[in-house]
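Residue numbers (this note's numbering), protein chains in the order written: chain A, -1 to 329; chain B, -1 to 329. Note that CB positions come from ideal geometry on N, CA and C, so glycine has one too. Just so it is clear, the structure is predicted and the values come from calculations on it, not from any experiment.
(1) If contact means a Cβ-Cβ distance below 7 Å, which residues of the region 214 to 244 of chain A contact chain B?
(2) Could you give the residue range of the beta strand (DSSP E) that holds residue 183 of chain A?
(3) Taking Cβ-Cβ distances shorter than 8 Å, what residues in chain B pair up with residue 271 of chain A?
(4) Answer with buried or exposed for residue 299 of chain A, where buried requires no fewer than 16 other C-beta atoms within 10 angstroms of its C-beta.
(5) Kindly indicate if chain A contains any beta-carbon less than 8 Å away from that of residue 268 of chain B.
(6) If we ignore side chains and look at the alpha-carbon of each, how far apart do residue 245 of chain B and residue 303 of chain B end up?
(7) Please list, in chain order, all residues of the same chain as residue 83 of chain A whose beta carbon is under 8 Å from its beta carbon, the five residues on each side excluded.
(8) By a C-beta neighbour count over all protein chains shown, 10 Å radius and 16 as the cutoff for buried, is residue 242 of chain B buried or exposed?
(9) Per DSSP, which residues does residue 243 of chain B bridge with? Please list them.
(10) Using a Cβ-Cβ cut-off of 8 Å, state whether residue 252 of chain B counts as contacting chain A.
(11) Would you kindly check if the distance between the Cβ of residue 189 of chain B and the Cβ of residue 128 of chain B is under 8 Å?
(12) Terminal residues of the continuous alpha helix (DSSP H) containing residue 98 of chain A?
(13) Please report the Cβ distance between residue 25 of chain A and residue 36 of chain A, rounded to the nearest whole angstrom; I am assuming they are in contact, meaning their Cβ atoms lie under 8 Å.
(14) Counting pairs of Cβ atoms below 8 Å between the region 167 to 184 of chain B and the region 215 to 235 of chain A, do you hit three or more?
(15) Look at residue 284 of chain A and residue 319 of chain A and say whether their C-beta atoms are less than 8 Å apart.
(16) On the DSSP bridge assignment, give the partners of residue 328 of chain B in chain order.
(17) Would residue 339 of chain A pass as a contact of residue 262 of chain B if the rule is Cβ separation under 8 Å?
(18) Which same chain residues, not among the five before or five after residue 178 of chain A, have their C-beta less than 7 Å away from its C-beta?
(19) Give me the chain B residues within the contact set of residue 191 of chain A, using Cβ-Cβ distance strictly less than 8 Å, ordered along the chain.
(20) How many angstroms separate the CA atom of residue 294 of chain B from the CA atom of residue 3 of chain B?
(21) Can you tell me whether residue 62 of chain B is helix, strand or coil according to DSSP?
(22) For residue 13 of chain A, which residues from the same chain have a beta carbon less than 6 Å from its beta carbon, with the 5 sequence-adjacent residues on both sides left out?
(23) Kindly say whether residue 299 of chain A, judged by its beta-carbon, lies nearer than 8 Å to any beta-carbon of chain B.
(24) Could you tell me whether the Cβ atoms of residue 220 of chain A and residue 185 of chain A are closer together than 8 Å?
(25) Nearest to residue 258 of chain A by alpha carbon, out of A:290, A:273 and A:268?
(26) Identify the contact partners of residue 82 of chain B in chain A, using a Cβ-Cβ distance below 7 Å as the criterion.
(27) In the DSSP assignment, find the unbroken beta strand (DSSP E) run with residue 124 of chain A in it and report its ends.
(28) For residue 316 of chain B versus residue 5 of chain B, is the C-beta spacing smaller than 8 Å?
(29) To the nearest angstrom, how far is it from the Cα of residue 321 of chain B to the Cα of residue 171 of chain B?
(30) Between B:126, B:55, B:223 and B:8, which has its C-alpha nearest residue 356 of chain B's C-alpha?
(31) Am I right that residue 286 of chain B and residue 267 of chain B are in contact with their C-beta atoms under 8 Å? What's the rounded C-beta distance?
(32) Kindly indicate which three-state DSSP category residue 330 of chain B falls into: helix, strand or coil?
(33) If we ignore side chains and look at the alpha-carbon of each, how far apart do residue 52 of chain A and residue 260 of chain A end up?
(34) Do the CB positions of residue 224 of chain B and residue 191 of chain B come within less than 8 Å of each other?
(35) How close, in whole Å, do the beta carbons of residue 61 of chain A and residue 68 of chain A come, if the pair is a contact with beta carbons under 8 Å?
(36) With a CB to CB cut of under 8 Å and the five nearest residues on each side skipped, what residues in its chain are close to residue 232 of chain A?
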């Protein structure tokens, strides 16, 4: 039992918000990522409008690939070129010191932290090593991730070499964000669930675990989020993060049964619920909180990012419903 | 232990095959679906080239929606219009007697059965009730299936009414295919895994179970295939099909541990493996067979359809590897 369940939403600063749309009328996506004032603005607007317990720094999974030397365009999704598909390609990637090459992210974190209410947490944003590697290999978000898998199956040494590099860069990028003022950091492993069980363990979970191990001494909680890994929650828990983020395909009740009471869990409202109406949102937020009740280590979130078609007041309803549930449950 | 593990591949008659490409140069996708000679040709070409133990009738998930009264175009994927989103829309749908409105499918089955080697099984093809409903609601394959979910969450009575109709039509369509000569039938529930646990049970598994119950008296084995349901295999097994088709995200070993030895299992090579090379394909086919060994009720298949970029000889290698493994294991 807790006084207050923390709530925030993945992609809470995004296209569904009029403030963000206004920002984008005069600035490209890359501008918002790379100009600290704009990234801080987007981050703060969302946290203030929604009144969430956390803000997550506005950024993109692919920025470290840019720092490693790939060209990065947004049209509108990320396009990385040239694709990294050989050991020679991997060897040509830059060493990265995030605090230098991606200083603008750290500047945005410092600016945001200064303006953000002290009781609101600031979360750092970083793709997990496998997911970052997947984007670097494919060049764009892919439907079947066939180039990633061709490497995983036929040239695992190339994928392993790339993931060794992304693991270093991701760990450094996460650490730099904590050092710049983030209270926690989230590893997004959105591609992991596309892999077969063996490759999921070898390429996704193992590298994420290395990042956790490298960053843990800094003392900031680490959240690991992957999608479509419902058959493998026990292995995902062994990544060692403080909190495991869940999508909506596994209930909080099932996750608790399988993982026990110690691990922090985060999730898992289907973002499509936000396209319905206030009553339905309220009902489904409460259902998740009822399931999670009694566990102090629960963070309310969506099971994936806010959808662009979401009415802003529906996103705020999620926060309102979480707060009201907590009020009513107070001893 | 069995003398021979049956093998076939989802979407084995498809764009990766030069024979199919040649067919499509003079005939639209709709032509191949609706002209029995062409559908039989595509079905037979694939089974003969690959030397599989089964052919699956060339068809499309959306045909029953067309029979129910939606306009169906392919551009290149299916486009159904107008979308079905209200009780009034549902009420306007036609009653369907598959053997009449979709007689061309039954004609194709009869033609194929006559020409197919007697020892090769012919499998009927039908979308599961939820998946068919999802296409009818969205109009096109969707990334987030938000209209489907809006109904599931905010107007479940509309979705339930539509699924009641698709359940009848799907059961009739499956039965008609068996009566026309199919030895088995596969229910494709490709959208099911997008749903949250509660909606998955209520809208996908429950309706698929009704189809199984309606069709089972005909005595032909029924295969139920869904993707991304690794957290819910036990519930999927309760659909009652003779065989559960698995994607590659759950290993055969894990599925056997969770489901026991009685249920038939089918799967589950990642189709992306077919983009590598003969040695790698052989190694991974054998690994799956080694896992499945000792269970007579196993059918080798991919975990989803053959990808368009697949070299035809790589698809045939799968069959060759299955046969060689079986030869070597013979007592």
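According to the data block:
(1) Within the region 214 to 244 of chain A, the residues whose Cβ lies closer than 7 Å to some Cβ of chain B are 226, 228 and 229, listed in chain order.
(2) For residue 183 of chain A, the uninterrupted beta strand (DSSP E) segment begins and ends at 182 to 187.
(3) For residue 271 of chain A, the residues of chain B that pass the 8 Å Cβ criterion are 147 and 151, in the order they occur in the chain.
(4) Burial state of residue 299 of chain A is buried, judged by a 10 Å Cβ sphere holding 16 or more other Cβ atoms.
(5) It does: the Cβ of residue 268 of chain B has a partner Cβ on chain A nearer than 8 Å.
(6) Taking the straight line from one Cα to the other gives about 10 Å.
(7) Cβ within range, chain order: 135, 145, 149 and 156.
(8) Counting Cβ neighbours within 10 Å, residue 242 of chain B comes out buried, since at least 16 surround it.
(9) In the DSSP output, where bridge partners are listed per residue, residue 243 of chain B has B:223 and B:264.
(10) For residue 252 of chain B, the answer is yes, since a Cβ of chain A falls inside 8 Å of its Cβ.
(11) A contact, by the Cβ cut-off of 8 Å.
(12) Annotation: the continuous alpha helix (DSSP H) that includes residue 98 of chain A extends over 96 to 99.
(13) For residue 25 of chain A against residue 36 of chain A, the beta-carbon gap comes to about 6 Å, under 8 Å, which counts as contact.
(14) The region 167 to 184 of chain B makes no contact with the region 215 to 235 of chain A; the number of CB pairs closer than 8 Å stays below 3.
(15) Annotated as proximal: residue 284 of chain A and residue 319 of chain A, with beta-carbon spacing under 8 Å.
(16) Beta-bridge annotation (DSSP): residue 328 of chain B is not paired with any residue.
(17) Since the first residue shown for chain A is -1 and the last is 329, residue 339 of chain A is missing from the structure and cannot be characterised.
(18) Taking residue 178 of chain A as the centre and dropping the five residues before and after it, the same chain places the C-beta of 104, 107 and 108 closer than 7 Å to its C-beta, in chain order.
(19) Correct list: 226 and 247.
(20) Counting only the Cα atoms, residue 3 of chain B lies some 8 Å from residue 294 of chain B.
(21) Note: residue 62 of chain B maps to helix in three-state DSSP.
(22) Closer than 6 Å at Cβ, skipping near neighbours: 306.
(23) Chain B places no beta carbon closer than 8 Å to that of residue 299 of chain A, leaving this residue out of the contacts.
(24) Yes; because the gap between Cβ atoms is below 8 Å, this pair is in contact.
(25) Minimum Cα-Cα distance from residue 258 of chain A among the listed residues A:290, A:273 and A:268 corresponds to A:290.
(26) Result: empty, since nearest Cβ-Cβ is about 18 Å, beyond 7 Å.
(27) In this chain, the beta strand (DSSP E) harbouring residue 124 of chain A covers 119 to 125.
(28) Yes, the Cβ-Cβ distance between residue 316 of chain B and residue 5 of chain B is below 8 Å.
(29) In a straight line, the C-alpha of residue 321 of chain B is about 33 Å away from that of residue 171 of chain B.
(30) Missing from the structure shown is residue 356 of chain B; chain B here goes from -1 to 329 and no further.
(31) Right, their Cβ atoms sit about 6 Å apart.
(32) The structure shown does not extend to residue 330 of chain B, since chain B is modelled only from -1 through 329, so no value can be given for it.
(33) Cα to Cα, residue 52 of chain A sits roughly 22 Å from residue 260 of chain A.
(34) With contacts defined as CB atoms closer than 8 Å, residue 224 of chain B and residue 191 of chain B qualify as a contacting pair.
(35) About 10 Å separates the two Cβ atoms, so there is no contact after all.
(36) Same-chain partners within the cutoff: 256 and 257.
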